[in-house]
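J.:
There are 4 protein chains.
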Amino acid sequence: MSKKAIVLQTTLELITTQGINATSLSQIIKESGVANGTVYHHFKNKEEIITELYLMLTQDFGTVVMRNTDQGDYKKQFSTMWMNLFHYFVNNPLAFVFSEQIARSPEIPQSLKDRARKYFSEIELYFRNGIRDKVFKSYNTMVMEELFFGNVVSIVKIHENEKVTLQEKHLQQAIEISWRGFVKE
Amino acid sequence: MSKKAIVLQTTLELITTQGINATSLSQIIKESGVANGTVYHHFKNKEEIITELYLMLTQDFGTVVMRNTDQGDYKKQFSTMWMNLFHYFVNNPLAFVFSEQIARSPEIPQSLKDRARKYFSEIELYFRNGIRDKVFKSYNTMVMEELFFGNVVSIVKIHENEKVTLQEKHLQQAIEISWRGFVKE
Amino acid sequence: MSKKAIVLQTTLELITTQGINATSLSQIIKESGVANGTVYHHFKNKEEIITELYLMLTQDFGTVVMRNTDQGDYKKQFSTMWMNLFHYFVNNPLAFVFSEQIARSPEIPQSLKDRARKYFSEIELYFRNGIRDKVFKSYNTMVMEELFFGNVVSIVKIHENEKVTLQEKHLQQAIEISWRGFVKE
Amino acid sequence: MSKKAIVLQTTLELITTQGINATSLSQIIKESGVANGTVYHHFKNKEEIITELYLMLTQDFGTVVMRNTDQGDYKKQFSTMWMNLFHYFVNNPLAFVFSEQIARSPEIPQSLKDRARKYFSEIELYFRNGIRDKVFKSYNTMVMEELFFGNVVSIVKIHENEKVTLQEKHLQQAIEISWRGFVKE
DNA sequence: AATGAATGAGGCTTCATTCAT
DNA sequence: GATGAATGAAGCCTCATTCAT
Chain V
1 MSKKAIVLQT
11 TLELITTQGI
21 NATSLSQIIK
31 ESGVANGTVY
41 HHFKNKEEII
51 TELYLMLTQD
61 FGTVVMRNTD
71 QGDYKKQFST
81 MWMNLFHYFV
91 NNPLAFVFSE
101 QIARSPEIPQ
111 SLKDRARKYF
121 SEIELYFRNG
131 IRDKVFKSYN
141 TMVMEELFFG
151 NVVSIVKIHE
161 NEKVTLQEKH
171 LQQAIEISWR
181 GFVKE
Chain W
1 MSKKAIVLQT
11 TLELITTQGI
21 NATSLSQIIK
31 ESGVANGTVY
41 HHFKNKEEII
51 TELYLMLTQD
61 FGTVVMRNTD
71 QGDYKKQFST
81 MWMNLFHYFV
91 NNPLAFVFSE
101 QIARSPEIPQ
111 SLKDRARKYF
121 SEIELYFRNG
131 IRDKVFKSYN
141 TMVMEELFFG
151 NVVSIVKIHE
161 NEKVTLQEKH
171 LQQAIEISWR
181 GFVKE
Chain P
1 MSKKAIVLQT
11 TLELITTQGI
21 NATSLSQIIK
31 ESGVANGTVY
41 HHFKNKEEII
51 TELYLMLTQD
61 FGTVVMRNTD
71 QGDYKKQFST
81 MWMNLFHYFV
91 NNPLAFVFSE
101 QIARSPEIPQ
111 SLKDRARKYF
121 SEIELYFRNG
131 IRDKVFKSYN
141 TMVMEELFFG
151 NVVSIVKIHE
161 NEKVTLQEKH
171 LQQAIEISWR
181 GFVKE
Chain B
1 MSKKAIVLQT
11 TLELITTQGI
21 NATSLSQIIK
31 ESGVANGTVY
41 HHFKNKEEII
51 TELYLMLTQD
61 FGTVVMRNTD
71 QGDYKKQFST
81 MWMNLFHYFV
91 NNPLAFVFSE
101 QIARSPEIPQ
111 SLKDRARKYF
121 SEIELYFRNG
131 IRDKVFKSYN
141 TMVMEELFFG
151 NVVSIVKIHE
161 NEKVTLQEKH
171 LQQAIEISWR
181 GFVKE
C-alpha cells in the first residue's frame, strides 16, 4: 500500500469520525505514520486530499452501482443496481458515512460536485433510456438518482441501527417500493 | 445598542454567511469593532456566544409564533401562528438562514437543543391540547412542531426564490394544506 | 520599553547583522523574549516589521538632519546638517548599517521608499530654496540629497574603519568639499 | 542540451529575475522540468549550482574579452576587448544582469570570487604588461579591471534604456574616454 | 463596562536534502 | 544518467484565551 494510499485511507477514517474541519493535517500525519513532506509530495495542499478522496469514492459509487447490469430488463437491472449499492455500503462503512455526512456537507464545494457528475453518467444514462422507452415517468434524472441513492441509504441505516436483522424479503420489498416510485402507470 | 448586542448581531451575520466553523473570534472582533477583552467580558468563551445566540433566536421563535393567539378556535389560532412565523422569517432573513442552516447542523450540540425546548412549551401545549380535545391526530408533539416549522420554511423559500410573487390566496392554501396534515378525519 | 519597541529593536539588531532574508521571525521572537502572538498583535506580518522599522529610522534621519538649522546662512546650515547626520551615525551604529545596507537593498520595495520621501521634505526644501536663491547649481534635489548623504557616509566609514583618528579639521575639510560640490561658481 | 545545462540555464533565468534568496530549489526543479534527484545527481547542493553558474559565466567573460586580441598595439587591443565585452552583454542580457546584480552581491562569498580570479588572468596580464611598458599608469590591476568593466556596463545600460539609439561614433567616444583614464600622460 | 497587550499551542506549507530504483 | 518517493526541520501565521488597567 503506497504512502499516498495510506494518507487517503487515514484521512477517510478521520474525517468520517470527526468531520473535515476537526481533522487537522498534523493529525493525518501522526495517524498515518507518514512524514510531513510526504503528504505535500503527493498533494498540493490539504484541500486536495479531500478532493481526491471525494473523486475516488464517487467514482467507486458509479462503478459499483453499474456492475453486472448489462443483462436483463429494466426491472432486473434496477434490482441489481440497488443491491450493488446496498452491499457496497454495508461492506464499506466509511464510504457510507462519507457519502452521507461529508459528501453532502457545504465543505465540499459545488464546483467539485459538478466535476464528479461524470462518474454518474452511466447511471444517468440508465434512467434517461428508461424515460425514453416509456418505462419511467419523465422526472429529472438527477432527482431520480438522488431518490435512488436515498432509498438505499435508508435501508442501510435500518440495517445498521435496528436490532431487528433485515431479511432478504425486506430488501425485496424495499426494492419494489423504490421501483414503483419511478415507473409509469 | 450595547456592545454585547453588537457582538451577537455581528456573529449572527458572520455565521449565517460562512458557517460556524469558518467564523473565528478574531473575525467577530474585527468586524464588530469591539475590543478583544470586551467579548470575554460578556461571554465566557466562543461557544457561549453561539449558545446565547441560539437561545435568543429560539426564544424569539417561540414568542413570535404565539403572538395574538389567545382568541379564536384551533383553526384560527393555527392560521395566526402560521402567519406569525411566516412574517417573522420574511422580515428577518438572518434568523431564517440561522434556523435553517445552523440550528439543525451538528455544530449545535443536542444538549443545547434540549435546553431550548422550554421556549417551545407554549407551542407544544397548543398541540397537546389539540390532541386532548380530539382536534389533532395523536402524533408526537415534537414531530408536529417540526412539520409545522417545515411547512412555513418551505413557503418562505418559495417566497424568496421564485420569480412568481406569492399571493394571499397561496398562503391560505398553504395553511390549509398544513392544517389538514394534523387534524383528525 | 514596550514589547513593540523591543521587537523593533531586536529586529534592527538582527537584520543589520545577518540581512533581512537570513532573519527569521522565530529568531526575532526568541531573541526578543516576546511571545509569538505578541508580535502579531503589533504587526500584521513579518514585512510590516521591516516597513515600520524603515519608516521609523527614515523619519529619524529627516528630523535629526534638520535639527538647529533655523539660523544662519546656507553655508552655516549646511555645516550643521552635515554634522548632525555625522554624529547621529556615529552614535547609532545600527542605524548607520541599516541606512547603508538594508535601506538600499532590493528587499525594501520602491513603493515603501516612495512613502518615506515625505520625511525628507524639509531637506528637499533646503536644497530647493538654495537653487531658487542661486546659491546651488540647479541639480535634481533627490540627487543632491543622495550626494549629501553619500558624503557623510564616506566619512563615517573612515571614522569607523581607519586606524587614524579623524580630527576636527578633517571633518571641516570634508564639509568644505561636500559644499563646493553644490554651490554655484 | 543536457539536463545539467537546463538546470543551470533555468537557475540563471530565475535568479536574475528574482534574486538568489528568492529562488528556491523547488522552483528551479519545477521550472526546468527536471526531476528532483537529477539536480542532486549533478550538484552537491543548492549552493553548488550557484557556484558553478558563477564560475561558468565568469570564465565566459574572461574568454570573450580576450578574443582576437593577439594582434595590434595596446590601443587596438583595448578597443577590441571593449567591443568584445560590449557585444557579449548586449547579446546575453541574462549574463549582463547576473554580472551586475548577482556577481557583486554579498550572496556570492569572497572565497568564490577569489577562485574566479584565475579566469581574469589574461586580462590582468594585459594591464600588467601595459604598466610595465609604461603605457598605463601604475594602478592596481584589479582596480583597472573593475573600471574597465564598469565603463562597458555603463554604456550597455544606456544602450538598453535610452530611447536614443547608440551610434558607432558614440561607442568610439566611450572607448576613447575609457582609454584615456588608463594611459600615462 | 470596556480596553487592548500578551500569550503559546497549533495550523498549514515550503524547503533543502537523502535514498532506493 | 535520471527519476521521484520520502524525510523532517523550519517558516509564517491564526487562534482562543488570560490578564492588567
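Chains as they are written, first to last, in UniProt numbering: chain V, 1 to 185; chain W, 1 to 185; chain P, 1 to 185; chain B, 1 to 185. Built from N, CA and C at the ideal position, the CB exists for glycine as well.
#1: Where do the ends of the alpha helix (DSSP H) carrying Phe89/W lie?
#2: Compare the C-beta of Asn140/V with all C-beta atoms of chain W and state if any pair is closer than 7 Å.
#3: How about Leu85/V and Val152/V: are their beta carbons less than 7 Å apart?
#4: Kindly provide the ranges of any beta strand (DSSP E) runs that are 3 or more residues long and lie completely inside the region 89-120 of chain B, ordered along the chain.
#5: Using a Cβ-Cβ cut-off of 7 Å, state whether Asn45/B counts as contacting chain P.
#6: DSSP three-state call for Phe149/W: helix, strand or coil?
#7: Which term fits Ile177/W, buried or exposed, when burial requires 16 or more other beta carbons within 10 angstroms of its beta carbon?
#8: Going along chain V in order, which residues have a C-beta closer than 8 Å to the C-beta of Gly19/W?
#9: Might you give, ordered along the chain, the residues of its own chain that have their beta carbon closer than 8 Å to the beta carbon of Phe89/P, omitting 5 neighbours on each side?
#10: Going by the DSSP bridge assignment, what does Val143/V pair with across the sheet?
#11: Would you tell me roughly how many angstroms separate the C-alpha atoms of Lys184/B and Leu147/B, rounded to the nearest one?
#12: Give me the residue from Asp133/P, Ile123/P, Met83/P and Lys137/P with the minimum Cα distance to His170/P.
#13: Leaving aside the five residues before and after Trp179/W along the sequence, list all residues of the same chain whose C-beta is less than 6 Å from its C-beta, in chain order.
#14: Just to confirm, are Leu53/B and Thr11/B a CB contact at a threshold of 7 Å?
#15: CA-CA distance, Lys76/B and Leu166/B?
#16: In whole angstroms, give me the CA-to-CA distance for Ile81/B and Phe120/P.
#17: Judging by CA-CA distance, which residue of Asn36/B, Val65/B and Leu55/B is the nearest neighbour of Lys3/B?
#18: From Gly130/B to Thr69/B, what distance separates their C-alpha atoms?
#19: Buried or exposed: Met142/P, going by 16 or more other Cβ atoms within 10 Å of its Cβ?
#20: In three-state DSSP terms, what is Val39/P?
#21: With a Cβ-Cβ cutoff of 7 Å, do Ala116/W and Leu25/W count as a contact?
#22: For His41/W and Ser138/V, what's the separation of their Cα atoms in angstroms?
#23: Have a look at the DSSP bridge pairing and note the partners of Phe136/P.
#24: Can you check whether the CB of Val65/P is closer than 7 Å to the CB of Ile123/P?
#25: What ranges does the beta strand (DSSP E) occupy inside the UniProt domain "HTH tetR-type" (1-61) of chain B, keeping only unbroken runs of at least 3 residues that lie completely in it?
#26: Please work out which residues of its chain come closer than 7 Å, Cβ to Cβ, to Ile6/B, disregarding the five sequence neighbours upstream and downstream, and give them in chain order.
#27: So, using beta-carbon positions, are Phe43/W and Ile50/W closer together than 7 Å?
#28: Note down the Cα distance separating Lys30/V from Met1/B, rounded to an integer number of angstroms.
#29: Considering only C-alpha positions, which residue in the set Gln59/V, Gln71/V and Glu107/V is nearest to Lys46/V?
#30: In this structure, does DSSP put Leu166/P in helix, strand or coil?
#31: Please list, in chain order, all residues of the same chain as Gln59/P whose beta carbon is under 6 Å from its beta carbon, the five residues on each side excluded.
#32: Report buried or exposed for Leu125/W, applying the criterion of at least 16 other Cβ atoms within 10 angstroms of its Cβ.
T.: Based on what the coordinates show:
#1: Tyr74 to Asn91
#2: no
#3: yes
#4: none
#5: no
#6: helix
#7: exposed
#8: Pro106
#9: Ala95, Phe96, Ser99, Val152, Val153 and Val156
#10: DSSP output for Val143/V lists no bridge partner at all.
#11: 16 Å
#12: Met83/P
#13: Phe78
#14: yes
#15: 21 Å
#16: Note that residue 81/B is Met in the sequence shown here, rather than Ile. Taking the straight line joining both Cα atoms gives about 44 Å.
#17: Asn36/B
#18: 14 Å
#19: exposed
#20: helix
#21: no
#22: 60 Å
#23: Val183/P
#24: yes
#25: none
#26: Ser32 and Val34
#27: no
#28: 43 Å
#29: Glu107/V
#30: coil
#31: Tyr119
#32: exposed
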